[in-house]
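All remarks here apply to the structure that follows.
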Amino acid sequence: MKAWYLLYCKPRGEVRAQQNLALQEIETYIPTYPEEKLHKGKVTVRRVSMFPSYLFVHFDPQITSVARIHSTRGVIRIIGCKELMTAVDDGIIQAIKLREHCWLNELLPNTDSEQQNAAEVAIECGDKVKFVDGPFAELEGVFEETNGEKRCFVLFEIMGKQQRVAVDKAGVARLD
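Just so it is clear: in the sequence shown, position 106 is 108 by our numbering, and no numbers are missing.
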């Protein structure tokens with residue numbers, strides 16, 4: 003049966019592990035919170051991992067090999083009691099997601115429905131995306147990070163190798 007498990011990752015490696023698990027089509031979740039920083043006289047907000055070096059993974063150990071999870075780049079081990087994996091209750095995950103959503107709403111209040119719809123479809127690190135135009139049109143990849151206001155990095159597999167490409171944000175769309 004599918005359940006959430008907690009993974010311990012290499013230091014500051016939870017995003018890398020998430021990207022590699024996404025390439026294997028394994029659902030993951032990294033809880034974040036908004037952090038305000040003053041930089042050059044401007045207040046900027048960025049999302050910071052709530053539990054550095056940890057990420058949640060949702061899979062069925064009867065279907066997906068635990069060894070496959072352990073051998074994923076960036077992953078050190080699945081957290082558990084003694085030698086047994088311990089599933090995390092779905093209620094805990096939902097509570098964390100709700101709290102994360104509340105923090106974002108407090109910090110970034112949306113009054114316009116268009117802004118709210120845009121925020122719902124915002125692409126986040128680890129999301130599967132599809133190139134909608136350009137030389138990679140119709141190829142799928144994994145969103146890595148933004149690069150300025152209009153560009154982003156996308157990871158995709160070509161010729162058996164993972165490649166990182168900088169593209170226009172408008173050139174990719176989130177897959178649901």
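Ideal Cβ positions, reconstructed from N, Cα and C, are used throughout, including at glycine. Remember, it's a predicted structure, so these values are computed and weren't measured experimentally.
With DSSP collapsed to three states, give me the class of residue i.
| i | result |
| --- | --- |
| LEU86 | strand |
| ASN119 | The predicted position of ASN119 is uncertain, since its pLDDT is 43 and thus under 50; no value can be drawn from it. |
| VAL68 | helix |
| GLU38 | strand |
| CYS127 | coil |
| ALA139 | coil |
| ILE80 | strand |
| ARG153 | strand |
Judging by CA-CA distance, which residue of the options is the nearest neighbour of residue i?
| i | options | result |
| --- | --- | --- |
| ASN22 | GLY128, LYS44, PHE133 | GLY128 |
| ILE32 | ARG18, VAL45, LEU25 | ARG18 |
| ILE71 | CYS11, LYS42, ARG48, LYS39 | CYS11 |
| TYR56 | ILE65, HIS41, THR34 | THR34 |
| ALA172 | VAL156, ARG75, GLU27 | VAL156 |
| LYS152 | VAL174, LYS44, VAL77 | VAL174 |
| ILE28 | GLN165, LYS39, ASP62 | ASP62 |
| ALA5 | SER51, ALA89, THR66 | ALA89 |
| PRO54 | HIS41, VAL77, THR66, GLY43 | VAL77 |
| ARG176 | LYS132, GLU159, THR148, ALA139 | LYS132 |
| GLN26 | LYS39, ALA168, HIS60 | HIS60 |
How should residue i be labelled, buried or exposed, when 16 other C-beta atoms within 10 angstroms of its C-beta is the threshold for buried?
| i | result |
| --- | --- |
| GLN20 | buried |
| GLY143 | buried |
| THR46 | exposed |
| TYR7 | buried |
| CYS83 | exposed |
| PRO111 | A caution first: PRO111 carries a pLDDT of 49, below 50, which makes its placement in the model unreliable, though a value can still be read off. The residue is exposed, with fewer than 16 neighbouring Cβ atoms inside 10 Å. |
| VAL134 | exposed |
With DSSP as the reference, please indicate the residues paired to residue i in a beta bridge.
| i | result |
| --- | --- |
| LEU23 | LEU23 pairs with nothing; no bridge assigned. |
| ASP91 | In DSSP, ASP91 forms no bridge with anything. |
| HIS60 | TRP6, GLU29 |
| LYS132 | GLU142, ALA175 |
| GLN165 | PHE158 |
| CYS11 | VAL77 |
Which two residues bound the contiguous beta strand (DSSP E) that contains residue i?
| i | result |
| --- | --- |
| ARG49 | 44–51 |
| GLU142 | 142–149 |
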